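Below: the structure, in structure tokens.
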Amino acid sequence: MAERLSGAPVAQALCARMSAGLDRLARRGCVPTVAVVRVGERPADLSYERGFTRRAQSLGIRVLPIVLPETVEEGELTAALRRVNEDGTIPGCLLVRPLPERLSTPAVLSALRPEKDIDAVTSASMGGLMVPGVGGFPPCTATACMELLNHYQVPLRGRKVVLVGGGVTVGMPAAILLMNRGATVSVCNIHTEPAYLAALCRGADLIISAAGKAGLIGRDHVSPGQVVVDVGLSAGADGRLRGDVDFEQVEPIVAAITTVPGGVGAVTSTVLAAHTVQAALAACGLPGMEETRRRHRV
């Protein structure tokens, strides 16, 4: 039976690292506050927002939801983000993604100030992955994967990693963070020829799947001794949220595996909270906590 890589102890360790920053904010009378901007009512988005809100509120972080209809125009969304920019009481902002394709434009993704961008929406924040010290915060879900791998002491330097899903929200930044740690990374997606995808995955030391396609990774994709991290989240025909990995098929074969729910998602919400605390410390002119980007470089 595979080791279960639970996100709960990883989140607890990250909360402990936040405690000093939260204490400094409380002594100064600063309330860490984050605006959560969401377009529409996608089940995966609602689950993501609920998980973050629960974690944030448990830490004393104030959450201000800004919900826009699926039909919102680009100008309305950018105006909402600019209002957040101008509000000095809101040091952090989470723009829930993926956005509808028509809204994923440079005008929208550059509307938010990088110092308030807690999930690397802006090009300046993404640039910080390539050039340390530039831009804002690294993407939270990709960072959560690294926090989980660190916590369970999964070796990365020189190891073969197959990352399924090359999106800008998880896949691309995760690939950069893994390469920063010395891993040899192959990036695939749902269009990769199935037999080739299965063969690549079987030869890996670590599989991270973030394709958002339920059941994509099955018994033919894995081999003994591997670590499997499931980041995917999609709604099945019954409305239940599922990961990319067919857990029942894969778990008896591999050495270690995350679950959905209870794996990366629990860590992601805590990374978002940590970025909010860092943004609040900076806004209040207080010393920051350890930067998550620095933890994930060779």
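Once you know that position 31 of the sequence shown is 536 in my numbering, the rest is easy, because the numbers rise by one and skip nothing.
The beta carbon of each residue, even a glycine, is placed where N, CA and C say it ideally should be.
Here the structure is a predicted model, which means the values were calculated and not measured.
How many Å lie between residue i and residue j at the Cα?
i: Ala784; j: Ala761; result: 34 Å
i: Ser739; j: Asp622; result: 25 Å
i: Gly676; j: Val669; result: 7 Å
i: Val613; j: Glu578; result: 10 Å
i: Leu791; j: Ser728; result: 48 Å
i: Val765; j: Thr576; result: 30 Å
i: Arg662; j: Asp725; result: 26 Å
i: Val489; j: Thr594; result: The structure shown has nothing for residue 489, since the chain only spans 506 to 803.
i: Pro611; j: Thr627; result: 9 Å
i: Tyr553; j: Gly687; result: 30 Å
i: Ser563; j: Cys520; result: 10 Å
i: Ala525; j: Ala516; result: 16 Å
i: Pro699; j: Pro757; result: 22 Å
i: Leu711; j: Arg532; result: 43 Å
i: Leu608; j: Ala680; result: 25 Å
i: Val734; j: Asp624; result: 20 Å
i: Gly671; j: Leu600; result: 20 Å
i: Leu653; j: Arg602; result: 22 Å
i: Glu546; j: Phe557; result: 16 Å
i: Pro619; j: Val755; result: 40 Å
i: Gly793; j: Ile713; result: 30 Å
i: Leu551; j: Gly748; result: 16 Å
i: Val803; j: Asn685; result: Low local confidence applies: a pLDDT of 47 at Val803 is under 50, so the model's placement there is unreliable, and no value is given.
i: Leu767; j: Gly580; result: Looking at the sequence provided, one finds Gly at residue 767 rather than Leu. Roughly 37 Å separates the two Cα atoms.
i: Val782; j: Arg522; result: 11 Å
i: Leu682; j: Ala771; result: 19 Å
i: Ala507; j: Ala715; result: 20 Å
i: Val636; j: Ser630; result: 10 Å
i: Val692; j: Arg587; result: 35 Å
i: Thr697; j: Ala647; result: 21 Å
i: Gly632; j: Arg509; result: 34 Å
i: Glu753; j: His656; result: 24 Å
i: Pro514; j: Gly720; result: 26 Å
So residue i and residue j are in contact, right, with Cβ under 8 Å, and what is the actual spacing, rounded?
i: Val542; j: Ile571; result: 5 Å
i: Thr538; j: Leu573; result: Actually they are not in contact, since the Cβ atoms of Thr538 and Leu573 sit about 19 Å apart, beyond 8 Å.
i: Cys645; j: Leu617; result: Rounded, the Cβ-Cβ distance is 14 Å, inconsistent with contact.
i: Val544; j: Leu604; result: 6 Å
i: Val736; j: Val769; result: 5 Å
i: Leu777; j: Pro548; result: Their Cβ separation, rounded to whole angstroms, is 19 Å, which puts Leu777 and Pro548 out of contact at 8 Å.
i: Ile695; j: Lys665; result: Wrong, their Cβ atoms sit about 21 Å apart, outside the cutoff.
i: Ile722; j: Val750; result: 4 Å
i: Ala540; j: Val589; result: 5 Å
i: Cys706; j: Cys535; result: Wrong, their Cβ atoms sit about 46 Å apart, outside the cutoff.
i: Thr773; j: Ala649; result: 4 Å
What does DSSP give as the partner residue(s) for residue i in the beta ladder?
i: Gly690; result: Checking the displayed sequence, the identity of residue 690 turns out to be Val instead of Gly. Note: Val690 sits in a beta bridge opposite Val666.
i: Val733; result: Ile712, Ile762
i: Arg567; result: Thr538
i: Asp622; result: Cys598
i: Ala740; result: Leu746
i: Glu508; result: Ala761
i: Leu573; result: Val544
i: Ile454; result: Absent from the structure is residue 454, since the part of the chain shown begins at 506 and ends at 803.
Around the C-beta of residue i, are 16 or more other C-beta atoms found within 10 angstroms, so that it is buried, or is it exposed?
i: Asp743; result: exposed
i: Asp528; result: exposed
i: Tyr701; result: exposed
i: Gly512; result: buried
i: Met651; result: buried
i: Ala811; result: Lying before the first or after the last residue shown, residue 811 is absent from the chain, which here runs from 506 to 803.
i: Gln731; result: buried
i: Pro678; result: buried
i: Ala704; result: exposed
i: Arg798; result: For Arg798, the predicted structure reports a pLDDT of 45, less than 50, and the residue's modelled location is therefore unreliable. A value from the coordinates is still provided. Under this definition Arg798 is a buried residue.
i: Pro596; result: buried
i: Arg560; result: buried
i: Pro660; result: exposed
i: Gly641; result: buried
Return yes when at least one heavy atom of the ligand SAH lies under 6 Å from the C-beta of residue i, else no.
i: Cys535; result: With respect to the ligand SAH, the structure shown offers nothing to examine, as it has no ligands at all.
Would a check of beta-carbon distances place residue i closer than 7 Å to chain D?
i: Arg724; result: Among the protein chains of the structure shown there is no chain D, as only one such chain exists.
Query raised in the report: Unbroken alpha helix (DSSP H) runs of length 4 or more, entirely within the stretch 521 to 557: which are they?
Result: none
Requested in this report: Would you mind listing the alpha helix (DSSP H) stretches within the stretch 768 to 792 that are 4+ residues and don't spill past its ends, in chain order?
Outcome: 769 to 788
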